[in-house]
Structures are given as C-alpha cells and as structure tokens.
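> Structure in structure tokens, see below.
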Amino acid sequence: MINPSDSGVKLFANVFTVTNFSAEPFTARIWLNANLPTIGKMATKVSPSNTSIQPLPQPKINLKYEESTTLFPTGGVNVFNREVPPFSTIVGEEDGKYIFSPGGSFALFLEKTSSGLTTARIAFGWWEEKL
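Numbers -7 to 123, taken from the numbering used here, label the letters of the sequence shown in order.
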C-alpha cells in the first residue's frame, strides 16, 4: 500500500492476510516506508467494505503488487517477519496502529525458503482520513 505524496490523506493499516497455496513455507517480510524496488502493477480487485455508500468511494492510496522479483526494498524499516506455513493463511491485525502520511508505504515481501514454485495471495484492509 503506497500513500502517494499528493493523496491528501493519512493511511491507516488495519489488517493484512497472506495465504500460502503451496506445499512449502515462505517468509512474509513487513516493511514500513521502504523504497520499493519495482514500479509494480496497480491492483484492480479493490472495494470498500461498506458497499451501501453510493457512489462507492475511490481510494486515494495505491495498492500495487509484483508477481516476482529478486530485488529487495531499500531504506525504511523491516519491522517484523512472519513464517507462512504450507496451505494456510496468516492474519496480521494492526488495527490502524501503523499510520502513513503522504509519501509513506506499508509493504509485504514474500521470500521463498525453498527452490519450488510458490503461489500466494495477499489482502489488505485499511482506512483513509483527510489531512
């Protein structure tokens, strides 16, 4: 999750999930305000949880992903790591305790611990507040 420098909002990280569909474990590395190594692709599967609001609000933050990279973030802080067992889902309930001003980011990098193919899915929950 990237809070663009011109967003006009604070980003509050609420929850993340990482699902491992593979037979081998991997490590999820959580980074705050890192310089990300690639531009990434914009996620299209984004929706507010309150779908009764019309028109649906559009997020100001950018939700981006990279399918594969050998590069790592620079700068920022790798605040913690979580092992993701085979065929399981881990949940990180942050409850808004990580807050990012414009220009900040909350990123998960998945690192394989074996040479096999890894298939995973990441989901985020967040909210935004105007500055």
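Using N, Cα and C, we set each Cβ at its ideal position, and we do this for glycine too.
Bear in mind the structure is a predicted one, so any value in this text is a computation, not a measurement.
1. Roughly how many angstroms lie between the CA atoms of P94 and T9, to the nearest whole one?
2. Residues in the same chain with beta-carbon distance under 8 Å from S14, minus the five sequence neighbours each way, listed in chain order, please.
3. Since S(-6) is in the beta strand (DSSP E), which residue starts that stretch and which ends it?
4. Skipping 5 residues on each side, what residues in its chain have a beta carbon closer than 6 Å to that of L102?
5. For G84, which of helix, strand or coil comes out of DSSP?
6. On a CA-only basis, which of N(-5), S(-1), V83 is nearest N12? Give me that one, please.
This is what the structure gives:
1. Locating residue 94 in the sequence shown gives position 102, counting from the first residue. Locating residue 9 in the sequence shown gives position 17, counting from the first residue. Roughly 24 Å separates the two Cα atoms.
2. As a working mapping, residue 14 is identified with position 22 in the sequence shown. Same-chain partners within the cutoff: P78, F79, G108, L109, T110, T111, A112.
3. Along the sequence shown, one-based indexing puts residue -6 at 2. First, the residue type needs correcting, since residue -6 is Ile and not Ser in the sequence shown. Run containing I(-6): none; DSSP gives neither H nor E here.
4. What you label residue 102 is simply residue 110 of the sequence shown in a count that begins at 1. Around L102: F18, A20, A112.
5. One-based indexing of the sequence shown puts residue 84 at position 92. Strand.
6. Your numbering for residue 12 matches position 20 in the sequence shown. When each option's Cα is compared against that of N12, the closest is V83.
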